[in-house]
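Residue numbers (this note's numbering): 68 to 242.
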């Protein structure tokens with residue numbers, strides 16, 4: 068049986084997909100190898116062990132969830148536009164809820180989540196400050212709404228985006 072050549076990124080992407088669909092138990096060498104139609108040996112060629120894979124997956128997500136988004140947003144647009152667009156990116160991060168769930172039982176996931184949450188809160192507070200709003204609680208309330216909206220029953224992404232826009236419009240009206 069001929070196997071496709073895999074690299075670290077393909078394993079990590081398969082892990083993210085597995086985490087979203089099947090939860091943390093799927094983040095082991097054997098289930099991932101089955102998912103990719105290859106052997107565990109390929110997994111161990113790229114990662115020394117499962118904890119090393121977990122660390123690589125979390126590092127990849129941290130970059131995707133914050134650094135890449137901010138680099139894109141900072142390329143253009145005023146602070147109000149970047150604040151709206153940032154909320155859209157947070158709502159579109161379909162991996163974050165799975166990481167939040169995993170963080171309840173995995174210290175590495177909890178640490179990665181805490182780091183991304185802190186960076187996102189700081190970024191939101193910075194944008195709000197640029198808009199003349201000095202109270203850091205505004206950023207915390209807006210971010211808390213962003214991460215909580217998808218958990219509401221029958222929540223649709225469009226509804227959450229509209230609610231976030233309304234919240235930011237309200238906050239900006241306080242200037």
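Every residue gets a Cβ at the ideal spot worked out from N, C-alpha and C, and that includes glycine.
Reference residue i; option with closest CA among the options
i, options, result
"residue 238", "125, 164 and 196", "196"
"residue 154", "203, 145, 187 and 166", "187"
"residue 102", "112, 77 and 171", "77"
"residue 136", "194, 157 and 100", "157"
"residue 113", "79, 167 and 203", "79"
Cβ-based burial, residue i [other Cβ within 10 Å; buried from 16]
i, result
"residue 85", "buried"
"residue 115", "exposed"
"residue 68", "The pLDDT assigned to residue 68 is 45, lower than 50, so where the model puts this residue is not dependable, and the model offers no usable value."
"residue 109", "buried"
"residue 14", "Any question about residue 14 goes unanswered here, given that the chain covers just 68 to 242."
"residue 81", "buried"
"residue 185", "exposed"
N-terminal and C-terminal residue of the alpha helix (DSSP H) that residue i is part of
i, result
"residue 25", "With the chain covering only 68 through 242, there is no way to say anything about residue 25."
"residue 208", "203-215"
"residue 101", "96-103"
"residue 108", "107-113"
"residue 229", "224-240"
"residue 219", "Premise fails: residue 219 is in no alpha helix (DSSP H) and is neither H nor E."
"residue 154", "146-159"
Beta-carbon proximity check, residue i vs residue j, cutoff 8 Å
i, j, result
"residue 75", "residue 123", "yes"
"residue 140", "residue 152", "yes"
"residue 128", "residue 105", "no"
"residue 91", "residue 225", "no"
"residue 165", "residue 180", "no"
"residue 208", "residue 231", "no"
For residue j and residue i, the rounded distance between their alpha carbons
i, j, result
"residue 214", "residue 132", "13 Å"
"residue 242", "residue 199", "6 Å"
"residue 126", "residue 95", "17 Å"
"residue 222", "residue 88", "18 Å"
"residue 205", "residue 118", "37 Å"
"residue 111", "residue 183", "28 Å"
"residue 149", "residue 216", "20 Å"
"residue 99", "residue 93", "7 Å"
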